[in-house]
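Asks:
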Amino acid sequence: MCLLLRAWRAGPVPEEIGADQLRRTLKRLSHEIIEQIGDPSSLALVGIRTRGVTLAERLARIIEELARVRPPVGALDVTLYRDDLDREGGARRRLRKTDISFSCEGKDIVLVDDVLFTGRTVRAALAALVNFGRPGRVLLAVAVDRGGRELPVRADFVGRNMEVLPDEEVQVLFEESDGLDAIVVQDSPDFAKRHIRKDIDEHPAAPEDSP
Numbered sequence: 007m008c009l010l011l012r013a014w015r016a017g018p019v020p021e022e023i024g025a026d027q028l029r030r031t032l033k034r035l036s037h038e039i040i041e042q043i044g045d046p047s048s049l050a051l052v053g054i055r056t057r058g059v060t061l062a063e064r065l066a067r068i069i070e071e072l073a074r075v076r077p078p079v080g081a082l083d084v085t086l087y088r089d090d091l092d093r094e095g096g097a098r099r100r101l102r103k104t105d106i107s108f109s110c111e112g113k114d115i116v117l118v119d120d121v122l123f124t125g126r127t128v129r130a131a132l133a134a135l136v137n138f139g140r141p142g143r144v145l146l147a148v149a150v151d152r153g154g155r156e157l158p159v160r161a162d163f164v165g166r167n168m169e170v171l172p173d174e175e176v177q178v179l180f181e182e183s184d185g186l187d188a189i190v191v192q193d194s195p196d197f198a199k200r201h202i203r204k205d206i207d208e209h210p211a212a213p214e215d216s217p
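The opening residue of the sequence shown carries number 7 in the working numbering; numbering runs sequentially from there.
Below you can see the structure in the form of structure tokens.
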């Protein structure tokens, strides 16, 4: 069972929470990818920015240890391909670099993301990926599937299935980018803001006495 840190108010994260469990999960994912692909030399990993790229690099290292072949890793930014861009403040989104230095033609491509939620990010990634050749097949690997799908998207390789509330946020932290390996569940910023506003409205501060 994966040890989760439920950070209700985004406090400091203890370094030991979830590290061993997450690393074992990623090793299992790597084994499953190798078994499914069969020929590691045909494999390429494409991480969806941002943490999907870190996850893809981690999986590539483990696959190299297991199969003695290191698959190439690409980074994909899907911002301009999202169908919910306007609804989620597209003008404020920061574009990041797509870096796929290899042809996807005929390859077994594994799209990699940290958390699978509505499925819209994956749909956008598939739309973006066609610009880099026609893969033999495309599979999906995620560290966490939290449910809540809005599109018919299903991962082929899943590290952890989790049940969380709609207003909770799941983050997969990596030592390379965050200083520790962990899975964190916390209230989303919007949820916190709404409840802070509600508390203020229901419990207004008492007026100060005049001097």
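Virtual Cβ for every residue (Gly too), placed ideally from N, Cα, C.
Express the C-alpha separation of G154 and F138 in angstroms, rounding to a whole number.
Replies: Taking the CA atoms as reference points, F138 sits about 30 Å from G154.
Asks: The alpha helix (DSSP H) that contains D26, what's its start and end?
Replies: From DSSP, the alpha helix (DSSP H) with D26 extends over 25-43.
Asks: How do the region 151-165 and the region 180-188 stand: do at least 3 beta-carbon pairs fall below 8 Å, yes or no?
Replies: no
Asks: Count the other CB atoms within 10 Å of the CB of A97; is the residue buried (16 or more) or exposed (fewer)?
Replies: Low local confidence applies: a pLDDT of 47 at A97 is under 50, so the model's placement there is unreliable, and no value is given.
Asks: Mind checking which residues open and close the alpha helix (DSSP H) that includes E181?
Replies: Start and end: 181-184.
Asks: Looking only at its own chain, which residues have a Cβ that is under 8 Å from the Cβ of R160, when we skip the five neighbours before and after it?
Replies: L146
Asks: Decide yes or no for the touch test of the region 127-136 against the region 25-45: beta carbon pairs closer than 8 Å, at least 3 of them.
Replies: no
Asks: Give me the Cβ distance between V79 and A62, rounded to the nearest whole Å; I'm assuming they're in contact under 8 Å.
Replies: Rounded, the Cβ-Cβ distance is 5 Å, consistent with contact.
Asks: Could you work out which residue in R102, I68, L157 is closest to V84 when comparing CA atoms only?
Replies: R102
Asks: Compare the beta carbon distance of V150 and V176 with 9 Å and say whether it is the shorter of the two.
Replies: Closer than 9 Å, so yes.
Asks: Could you give the first and the last residue of the continuous beta strand (DSSP E) run that contains I69?
Replies: Careful: I69 lies outside any beta strand (DSSP E), inside the alpha helix (DSSP H) at 57-73.
Asks: Could you name the residues of the same chain whose beta carbon sits closer than 8 Å to that of R143, not counting the 5 residues immediately before and after it, in chain order?
Replies: D114, I115
Asks: Residues in its own chain within less than 7 Å of L35 by CB, not counting five upstream and five downstream?
Replies: L65, A147, F163, G165
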